[in-house]
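In the numbering used here, the protein residues as written are 3 to 212.
Backbone N, C-alpha and C define an ideal beta-carbon position, used for all residues, glycine too.
Read the structure below first, then the notes.
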Amino acid sequence: MRQCILCRGRDQVTERRRGRDLERAILGAAWLELADHGYAGLTMDGVAKRAGTSRPVLARRWEGKAELAVATIRHQMAKHPLDVPDSGNVRTELIDYLERASARASGIAAAFTLFHSEYFSEGSSAPKDLHEALARGETRSLSLILDRAVGRRQVDPDKLTPPVASLLGDLFRYHVVMHFKPPPQALRQDWVDTIFLPLVRSERSHIAAR
């Protein structure tokens with residue numbers, strides 16, 4: 003009788019760890035392994051042991067640790083979505099966007115560590131490929147904010163050249179990569195108020211300053 007109870011308990015654990023639950027457990031374990039050992043020290047066996055599963059289970063989902071590392075960072079960043087609600091004010095939305103982005107800065111920093119690791123020696127991947135893999139499936143929140151602002155005539159579409167439209171995101175990523183932490187709130191507000199909005203503001207705009 004006792005043996006049957008133990009078998010039933012194992013079956014229940016297996017049932018609970020199927021599908022998305024198991025994948026979340028694996029990605030959580032992989033994130034901790036990345037934090038403890040970096041990409042160079044990341045192994046499929048180590049992740050499997052930490053997640054309480056087996057290497058074949060990981061191999062059925064990811065071909066190797068490169069794919070697992072990207073999936074892990076994407077999973078971590080997805081915990082902090084960048085979807086910004088429509089407030090009617092582009093400044094408010096840009097500040098909100100940068101605050102949300104700051105919450106996922108650890109994922110960006112982890113991604114940058116791959117640039118200086120063996121990640122790129124394992125295939126033909128380049129930083130652009132890694133960026134696209136991490137961004138795949140994400141809502142282009144900043145573009146949506148700017149599109150709404152254009153619709154309200156708060157932003158001049160003729161001033162939104164590609165380098166200008168990506169400026170806030172570029173400033174944010176540069177700070178995280180250089181300092182391995184999110185920019186402070188005062189700096190984020192300065193980017194919006196003294197750099198970005200003066201470049202794109204429509205002549206008809208009456209954006210609230212504070």
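Counting along the chain, the unbroken alpha helix (DSSP H) around K51 starts and ends at 46-53. Ranked by how close their Cα comes to the Cα of A31, the residues G21, R20, V157, A50 have A50 in first place. The Cβ-Cβ distance between K67 and L34 does not fall below 8 Å. Unbroken alpha helix (DSSP H) runs of no fewer than 4 residues, entirely contained in the region 58-113, are found at 67-80, 92-105, following chain order. For S145, the enclosing alpha helix (DSSP H) begins and ends at 143-153. Under the 8 Å Cβ criterion, the region 82-90 does not count as touching the region 52-62, having fewer than three qualifying pairs.
Across the structure, L100 and L36 are spaced so that their CA atoms are roughly 25 Å apart. Proximity of the region 168-176 to the region 188-206 meets the contact definition, three or more beta-carbon pairs being nearer than 8 Å. Here the alpha carbon of F114 sits roughly 16 Å from the alpha carbon of P185.
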